[in-house]
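There are 2 protein chains.
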Amino acid sequence: MTYDRQEILKKIVNKNDTKMILLVMDGVGDIPIDAKTPLMCADTPNLDKLAKESELGQTIPVLRGITPGSGPAHLSLFGYDPLKYEIGRGILEALGIDVEVGEKDLVARGNFATVEGDIVVDRRAGRPATEENARVCEIINSKIEEIRGVKVRVFPGKEHRFVVKFTGDNLSDNLSDADPQKNGLPIVFTEPTSDDNSAKFTAEVVNEFLKNLKEILKNEPKLNFGLLRGFSKYPDLPNFEKVYRVKAAAIATYPMYKGLAKLVGMNVIPTGQSIEDELKTLEEIYNDYDFFYFHVKKTDSYGEDGNFDMKVKIIEETDSIIPEILNLNPDVLVVTGDHSTPAFMKSHSWHPVPYMLYSKYARKGLCQRFDEFECAKGTLGTFYSIDSMSLILAHAQRLEKYGA
Amino acid sequence: MTYDRQEILKKIVNKNDTKMILLVMDGVGDIPIDAKTPLMCADTPNLDKLAKESELGQTIPVLRGITPGSGPAHLSLFGYDPLKYEIGRGILEALGIDVEVGEKDLVARGNFATVEGDIVVDRRAGRPATEENARVCEIINSKIEEIRGVKVRVFPGKEHRFVVKFTGDNLSDNLSDADPQKNGLPIVFTEPTSDDNSAKFTAEVVNEFLKNLKEILKNEPKLNFGLLRGFSKYPDLPNFEKVYRVKAAAIATYPMYKGLAKLVGMNVIPTGQSIEDELKTLEEIYNDYDFFYFHVKKTDSYGEDGNFDMKVKIIEETDSIIPEILNLNPDVLVVTGDHSTPAFMKSHSWHPVPYMLYSKYARKGLCQRFDEFECAKGTLGTFYSIDSMSLILAHAQRLEKYGA
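The listed protein sequences derive, respectively, from chains Y and C.
All letters in the first sequence, in the order written, are residues 0 to 403 by numbering that gives the first Met the number 0.
All letters in the second sequence, in the order written, are residues 0 to 403 by numbering that gives the first Met the number 0.
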């Protein structure tokens with residue numbers, strides 16, 4: 000089957016005054032240790048009560064067996080085909096450190112590196128302190144303002160990482176990585192990967208930047224060069240609010256997720272750092288929007304750390320705000336993850352993601368609690384995350400009949 | 000979504016030192032008689048124990064409701080889109096009787112037939128003894144060596160069936176069947192189904208062969224002509240070992256399955272006729288490969304015969320080698336079928352196929368035994384067989400994250 004999901008929805012979506020909440024516990028799915036997953040170990044009276052009033056299922060973020068990054072996993076949940084739309088690594092890195100990216104921008108991930116002559120001897124420049132990184136970025140920004148009419152800025156990340164942003168007309172991201180990938184190899188410059196003038200021009204600008212960088216940093220003992228990877232322009236994504244005819248608010252604490260929400264056209268609402276803060280924000284803005292993306296980050300962070308117990312705790316903390324969310328009386332509340340992050344694996348994984356949809360139109364009553372096994376047997380079955388948006392809109396009675 | 004699965008996997012697949020075994024019980028899926036399928040009737044302590052340590056699901060070989068032949072069913076399991084790649088019937092027939100087929104070969108299925116004048120009076124020539132068939136094939140091969148530079152050989156099959164192989168440059172399989180399909184109708188010659196010279200030339204060669212055949216066999220009382228169907232050239236399939244970056248061994252007793260494995264580029268390992276022999280082969284070559292396709296044929300054969308009890312016995316025989324397979328300590332072991340062959344139907348069917356995946360990363364613990372009903376409620380859900388390869392590679396930790 001080949002079709003664009005959003006093209007279909009656009010034709011049948013209506014506005015009404017329903018409210019929809021998509022609560023994403025990042026990486027919540029897990030695999031059992033001693034027969035229990037964190038969701039099974041957690042004391043979650045509110046989620047379990049909700050499960051009895053909801054319809055459950057499990058989602059495949061991209062394809063079975065494919066472990067998604069945060070980009071494709073969120074795109075799917077927002078109803079964008081993750082195999083059609085790609086969010087470049089440069090963009091994600093930029094979003095992750097809160098760098099604004101617009102349509103005229105080209106961004107890339109950078110590593111500060113140590114070179115001796117033309118040889119890269121340390122691709123991570125000895126993993127400098129973040130302050131050291133910031134100091135060098137400031138030097139660069141003070142010495143390079145623009146190259147051939149293209150504005151250049153660098154932004155410090157953690158340790159050796161930085162982001163470079165080029166702003167100008169007619170920039171292209173058809174560029175190869177400027178990175179030898181291994182220590183002990185000579186410096187590599189970028190090359191255009193397409194035949195047009197835009198790519199050639201951009202490659203010249205980037206390479207001139209790299210040569211300037213080498214000159215400017217020649218007296219630095221360690222951070223004396225930069226490697227650039229993942230050149231990416233602002234992706235051209237259909238606008239979430241226009242496709243689904245909603246006013247959409249994003250409540251998230253981490254820059255990358257705010258950035259992803261902004262990329263698709265949601266309104267990112269300033270909030271605090273805790274789940275409680277996010278709840279307060281939701282309550283404050285509840286009358287002003289009709290779709291709410293509510294992101295809980297730390298289920299994933301503790302999964303990545305292999306910290307099973309703290310993942311359990313974050314689930315319990317999320318459970319505790321469910322009554323207040325329900326007090327808002329949403330027409331649809333979905334509780335799910337963007338992907339699984341098993342604590343045992345300390346990484347994202349391909350495992351299906353628990354999914355629970357609460358609505359008065361749900362075919363409720365089969366499942367007793369919210370965990371991987373109950374979701375696996377739920378009436379929604381196993382489905383692709385990209386189906387979530389149409390399920391949400393359907394339960395909000397915003398979708399017209401398809402055909403007569 | 001429209002994409003080529005293997006193109007995606009190729010970009011994210013890595014090598015490591017894991018071992019993966021795909022154990023295919025041909026046609027193992029069934030439907031219940033007196034509430035029980037052969038898998039449910041069989042005494043399978045080892046498979047059931049494995050089920051508790053595994054993740055279960057059920058697969059759709061091609062599409063729901065579509066009964067697959069062995070070709071598409073196996074292609075799917077090997078991760079090839081069965082709707083994109085077609086293995087011609089001529090090729091399958093040739094593989095089935097162990098005829099080597101190469102890139103310059105064109106093969107077709109043949110029936111020996113009885114003609115009177117130009118009328119086909121018996122399309123199966125009275126179902127001759129296989130020896131009679133072999134005798135006539137020998138006559139043909141001794142009288143016809145080549146036609147217009149194209150080498151011709153015939154190979155006897157069972158009863159009236161044979162395979163003809165044409166070897167030469169520039170042959171085409173765009174040819175209509177040379178078969179009136181019914182008794183009592185005149186002889187039919189092949190016609191090119193495309194407009195190119197290659198198809199025209201090949202049709203001329205084939206028709207000259209048929210005319211020679213009629214002349215050579217004119218004094219035979221019954222086997223005095225041949226009908227040809229399913230002209231096919233060697234299919235151009237991506238190489239299994241290159242796509243998945245594995246060293247792959249195929250252990251199978253029947254020529255067709257060895258042939259299918261060879262077509263996709265696996266190494267076919269000589270083995271004996273029993274499941275025990277196949278196990279021994281697996282043990283002997285275990286260090287030399289990292290992917291193993293292990294084929295058990297007789298679950299299907301007894302299904303086709305309608306022999307429920309013997310199907311049960313073959314399942315039990317397969318169960319008995321599970322401990323020895325586990326002793327090899329594979330990282331991933333999948334036990335499944337290529338399709339269902341319900342004994343009650345005496346034929347392949349469209350029913351989903353039980354699927355069990357054993358790995359330390361499996362979301363195990365929901366299911367108690369290996370049968371159709373437990374698999375239907377498993378955490379892997381219902382999925383297309385084409386997903387199996389990505390699941391196997393994922394559990395072997397051979398797939399990189401998709402996107403950032």
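Built from N, CA and C at the ideal position, the CB exists for glycine as well.
No experiment lies behind these values; they were computed from the predicted model shown.
Contacts around residue i, its chain only, beta-carbon distance under 6 Å, and the 5 residues preceding and following it disregarded
i	result
Val-331 (chain C)	Met-19, Ser-358, Ile-391, His-394, Ala-395
Tyr-360 (chain C)	His-394
Ala-264 (chain Y)	With the sequence shown as reference, residue 264 (chain Y) is identified as Gly, and Ala is not the correct amino acid for it. For Gly-264 (chain Y), where only same-chain residues beyond five positions count, the Cβ hits under 6 Å are Asn-238, Phe-239, Glu-240.
Glu-54 (chain C)	Leu-356, Ala-361, Arg-362, Lys-363, Thr-378, Leu-379
Phe-290 (chain C)	Met-19, Val-245, Ala-247
Opening and closing residue of the alpha helix (DSSP H) in which residue i lies
i	result
Ala-393 (chain Y)	387 to 394
Asp-80 (chain Y)	Unbroken run through Asp-80 (chain Y): none, as it is neither H nor E.
Gly-89 (chain Y)	88 to 95
Thr-8 (chain Y)	Checking the sequence shown, residue 8 (chain Y) turns out to be Leu, not Thr. Unbroken alpha helix (DSSP H) run through Leu-8 (chain Y): 4 to 11.
Residues near residue i by beta carbon distance below 7 Å, same chain, minus five either side
i	result
Lys-221 (chain C)	Thr-113, Ala-124, Gly-125, Pro-127
Cys-40 (chain Y)	Val-311
Phe-77 (chain C)	Phe-239, Val-263, Met-388
Residues that residue i contacts on chain C, provided the C-beta gap is smaller than 7 Å
i	result
Arg-63 (chain Y)	Phe-382, Asp-386, Ser-389, Leu-390
Leu-91 (chain Y)	Ala-403
Gly-70 (chain Y)	Gly-402, Ala-403
Ala-177 (chain Y)	Neighbours of Ala-177 (chain Y) on chain C: none; closest Cβ ~18 Å, over 7 Å.
Bounding residues of the beta strand (DSSP E) (the contiguous stretch that carries residue i)
i	result
Gln-57 (chain Y)	53 to 59
Gly-109 (chain Y)	104 to 115
Asn-174 (chain C)	Checking the sequence shown, residue 174 (chain C) turns out to be Leu, not Asn. Here Leu-174 (chain C) belongs to no beta strand (DSSP E), and DSSP marks it neither H nor E.
Met-39 (chain Y)	Looking at the DSSP string, Met-39 (chain Y) is not in any beta strand (DSSP E); the run it does join, the alpha helix (DSSP H), is 37 to 40.
Asp-168 (chain Y)	Run containing Asp-168 (chain Y): none; DSSP gives neither H nor E here.
Ile-32 (chain C)	From DSSP, Ile-32 (chain C) is part of no beta strand (DSSP E); its letter is neither H nor E.
Per-residue contacts from residue i into chain C (C-beta, under 9 Å)
i	result
Thr-66 (chain Y)	Ile-11, Ala-393, Leu-398, Glu-399, Lys-400, Tyr-401
Gln-57 (chain Y)	Thr-378, Gly-380
Phe-372 (chain Y)	Arg-362, Gly-364, Leu-365, Thr-378
Ile-86 (chain Y)	Gly-402, Ala-403
Ala-375 (chain Y)	Arg-362, Leu-365, Lys-376, Gly-377, Thr-378, Leu-379, Gly-380
Euclidean distance between Cα positions of residue i and residue j
i	j	result
Met-0 (chain C)	Ala-133 (chain C)	With a pLDDT of only 47 at Met-0 (chain C), under 50, the local geometry of the prediction cannot be trusted, and no value is derived from it.
Pro-341 (chain Y)	Tyr-301 (chain Y)	9 Å
Asp-194 (chain C)	Glu-85 (chain C)	21 Å
Asp-176 (chain Y)	Lys-400 (chain Y)	48 Å
Val-333 (chain C)	Ile-324 (chain C)	11 Å
Phe-372 (chain C)	Glu-207 (chain C)	56 Å
Gln-272 (chain Y)	Asn-13 (chain C)	38 Å
Asp-308 (chain Y)	Pro-37 (chain Y)	7 Å
Tyr-253 (chain Y)	Pro-237 (chain Y)	23 Å
Ala-403 (chain Y)	Ile-30 (chain C)	37 Å
Asp-337 (chain C)	Asp-235 (chain C)	22 Å
Val-61 (chain C)	Pro-269 (chain Y)	48 Å
Ala-248 (chain Y)	Phe-293 (chain Y)	8 Å
Ala-72 (chain Y)	Phe-165 (chain Y)	27 Å
Gly-420 (chain Y)	Phe-343 (chain Y)	The structure shown does not extend to residue 420 (chain Y), since chain Y spans only 0 to 403, so no value can be given for it.
Leu-262 (chain C)	Ala-50 (chain Y)	49 Å
Gly-404 (chain C)	Glu-130 (chain C)	No answer is possible for residue 404 (chain C): it lies beyond the span of chain C, which begins at 0 and ends at 403.
Glu-275 (chain C)	Ser-319 (chain C)	9 Å
Gly-156 (chain C)	Val-163 (chain C)	11 Å
Lys-363 (chain Y)	Ala-202 (chain Y)	57 Å
Gly-305 (chain Y)	Ser-346 (chain Y)	8 Å
Cys-374 (chain Y)	Thr-335 (chain Y)	10 Å
Arg-397 (chain Y)	Leu-105 (chain C)	57 Å
Ser-384 (chain C)	Arg-63 (chain Y)	11 Å
Under 7 Å by beta carbon: chain Y residues contacting residue i
i	result
Gly-364 (chain C)	Pro-31, Ala-34
Neighbourhood of residue i by C-beta, 8 Å cutoff - its chain only, sequence neighbours within 5 removed
i	result
Asp-178 (chain C)	Asn-110, Arg-122, Val-187, Leu-226, Leu-227, Arg-228
Interface partners of residue i on chain Y, CB under 8 Å
i	result
Thr-335 (chain C)	In chain order: nothing, as chain Y lies at least about 14 Å away.
Residues in the stretch 339 to 361 of chain Y with C-beta within 9 Å of chain C's C-beta atoms, listed in sequence order? Ser-339, Pro-341, Phe-343, Met-344, Ser-346, His-347, Ser-348, Trp-349, His-350, Pro-351
Positions along the stretch 272 to 304 of chain Y whose CB lies within less than 9 Å of some CB in chain C: none
Along the stretch 39 to 58 of chain Y, where does the CB come closer than 8 Å to a CB of chain C? Name the residues. Gln-57
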